[in-house]
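See below for the structure under consideration.
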Amino acid sequence: MTRPAPLPEPIPVEIERWEGFGGTWRVESVDERRCRIALCRCDGGEIVEHFESEEPAVVRWAARRLSPH
Numbered sequence: 006m007t008r009p010a011p012l013p014e015p016i017p018v019e020i021e022r023w024e025g026f027g028g029t030w031r032v033e034s035v036d037e038r039r040c041r042i043a044l045c046r047c048d049g050g051e052i053v054e055h056f057e058s059e060e061p062a063v064v065r066w067a068a069r070r071l072s073p074h
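When the count follows our numbering, it moves up by one through the sequence shown with no breaks and lands on 74 for the last residue.
Put into structure tokens, the structure is as follows:
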């Protein structure tokens, strides 16, 4: 019997909201306890602010997305 694939962690609300307004983001750093994500403008990638989290699900989500989006 095969196991079902694990469900992916949902996108953090803060990132989903940022994307909804047209912004881009990139994971800047992740370790086992926290992550830091740059929230960037949609017209060139200038960093507007940072989102940081120690929430385990958000840290796991960020660790899987170390490339720019």
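Backbone N, C-alpha and C fix where the C-beta goes; we use that ideal spot for every residue, glycine too.
{"Asked": "Counterpart residues of Ala-43 in DSSP-defined beta bridges", "Found": "Arg-31 and His-55"}
{"Asked": "Through-space distance from Cys-47 to Thr-29, alpha-carbon basis", "Found": "6 Å"}
{"Asked": "From Leu-71, Gly-50 and Ala-62, residue whose alpha carbon lies closest to that of Trp-23", "Found": "Gly-50"}
{"Asked": "Rounded separation between Arg-41 and Val-35 - CA only", "Found": "7 Å"}
{"Asked": "Span separating the alpha-carbon of Arg-15 from that of Val-63", "Found": "The residue asked about is misnamed: residue 15 is Pro in this sequence, not Arg. The alpha-carbon atoms of Pro-15 and Val-63 are separated by roughly 9 Å."}
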